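Asks: Please see the structure below; I have some questions.
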Amino acid sequence: MANASVEFLKGNVSIDNEVIAQICGIITTSCYGVVGMAYSSKSKGIASLLVKDKISKGVDVFVSPDKKISVDIHIIIEYGVNIQTISDSIINNVRYHLGYMTGLEIDRINVYVDGARVRE
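Residue numbers (this note's numbering): 980 to 1099.
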């Protein structure tokens, strides 16, 4: 998978997809109503809550040939919150902060709610 890159007057900066995924995970988990990131286990058919140091595993990053970024984010939400509101908040926050931090053009952000839990 190709890494994202930003061109400057004096050269290029290549940003590893894992770094983009970590940034997205940090931004997402700071949003209200998100209990954590989820890694969907296809073999078990359940969503597992990821520990803090593995939040990037709940994010898939895709780089198009024209260097635009698409992101799939898998989350577990707090029971009782409005899913549409949380999803909109995540999309807006990730689009703004990721674009600001990296200078990359964000094409698409998809949010997948893989579970709901009572916040402990």
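Even for Gly, the Cβ is constructed at its ideal location relative to N, Cα and C.
All of these numbers come straight from a predicted model, not from anything done at the bench.
State yes or no: is the C-beta of Arg1098 within less than 8 Å of the C-beta of Ile1055?
Replies: no
Asks: Closest to Ser1035 by C-alpha separation, out of Asp1086, Gln1001 and Gly990, would be which residue?
Replies: That would be Gln1001, whose Cα lies nearest to the Cα of Ser1035.
Asks: When DSSP builds the beta bridges, which residues end up paired with Ile1065?
Replies: Beta-bridge partners of Ile1065 (DSSP): none assigned.
Asks: Count the other CB atoms within 10 Å of the CB of Thr1007; is the residue buried (16 or more) or exposed (fewer)?
Replies: Classification for Thr1007: buried.
Asks: How is the beta strand (DSSP E) around Ala1095 delimited, first residue to last?
Replies: Ile1085 to Arg1096
Asks: Have a look at Asn1061 and Gly990 and give me their C-alpha separation to the nearest angstrom.
Replies: 44 Å
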